[in-house]
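Student: Here the sequence shown stands for residues 586 to 732, numbered as in our numbering. Note that the Cβ used here is the ideal one computed from N, Cα and C, for glycine as well. Next up is a structure, given as structure tokens.
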Amino acid sequence: MEKRAEGFFNKAEEFQVLDAIRQAESNCSGEVRVHVENHCKGDVLDRASVVFDLLKMQKTKLRNGVLFYLAVKDHKFAILGDAGINAKVSEDFWDEIKDFMLTYFKRNEFSFALSNGIIKAGEQLKIHFPHQGEDDINELPDDISYA
């Protein structure tokens, strides 16, 4: 049986990604999650949608959760925003971030690509979902989930 993807990032890389999540969430009221697994059978957006539901990301008050999904051995990834985000942004909202990340994924710079993609997402989300000050609570865990 194949091991979980949990060892994909070393401690420094994992810290870099977690720090990016905290930084992104400090810029906006959006909630960012990262999920890493080895394989994705079928369409990557379909799998990301299933993971989105499993992580209960649709439970945020403003429906402004963002999932960065990676299937590392199958070389697939997706960025999936919740309904609150999709109602306010253009269809190609995530394309610039995805293109940026893909450039660095091709160089095997996964934590750099992911952490900078997360920060860019926070900067873009700030426009539509500004940070709510003291009333802005962290609705979802900031850890990386693995399967």
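Comparing alpha-carbon positions, which option in ILE712, VAL657 and SER700 lies nearest VAL674?
Tutor: Along the sequence shown, read from residue 1 onward, the residue named residue 674 stands at position 89. It is ILE712.
Student: Pull up the distance between the alpha-carbon of GLY627 and that of VAL635, whole angstroms please.
Tutor: Within the sequence shown, residue 627 is the residue found at index 42, counting from 1. Within the sequence shown, residue 635 is the residue found at index 50, counting from 1. Roughly 12 Å between the two C-alpha positions.
Student: Touch check for the stretch 638-645 and the stretch 678-690: three-plus C-beta pairs under 8 Å?
Tutor: No contact exists between the stretch 638-645 and the stretch 678-690.
Student: Should SER614 go down as buried or exposed, given a rule of 16 or more other Cβ atoms within 10 Å for buried?
Tutor: Counting from one through the sequence shown, the residue named residue 614 turns up at place 29. Under this definition SER614 is a buried residue.
Student: Rounded to whole angstroms, what is the Cα-Cα separation between ALA698 and TYR689?
Tutor: Position 113 of the sequence shown, counting from 1, holds the residue named residue 698. Position 104 of the sequence shown, counting from 1, holds the residue named residue 689. Approximately 5 Å between the Cα atoms of the pair.
Student: On the DSSP bridge assignment, give the partners of ALA656 in chain order.
Tutor: Taking the sequence shown and counting its residues from 1, one reaches residue 656 at position 71. DSSP lists GLU622 and LYS661 as partners of ALA656.
Student: Is it buried or exposed, GLY669, if we count other Cβ atoms within 10 angstroms and call 16 or more buried?
Tutor: Numbered from its first residue, the sequence shown carries residue 669 at position 84. So GLY669 ends up on the buried side.
Student: For PHE685 and ASN701, I'd like the C-alpha separation in whole angstroms.
Tutor: Position 100 of the sequence shown, counting from 1, holds the residue named residue 685. Position 116 of the sequence shown, counting from 1, holds the residue named residue 701. Distance between the alpha carbons of PHE685 and ASN701 is about 9 Å.
Student: Considering just the uninterrupted stretch of the alpha helix (DSSP H) at SER696, what are its terminal residues?
Tutor: Stepping through the sequence shown from its first residue, residue 696 is reached at position 111. Looking at the DSSP string, the run of the alpha helix (DSSP H) that includes SER696 is 695-713.
Student: Would you mind giving the Cβ-Cβ distance between LEU630 and ALA663, rounded to the nearest angstrom? I have them listed as a contact below 8 Å.
Tutor: On the sequence shown, residue 630 is found 45 positions in, with the first residue counted as 1. On the sequence shown, residue 663 is found 78 positions in, with the first residue counted as 1. Contact holds; Cβ gap of about 5 Å.
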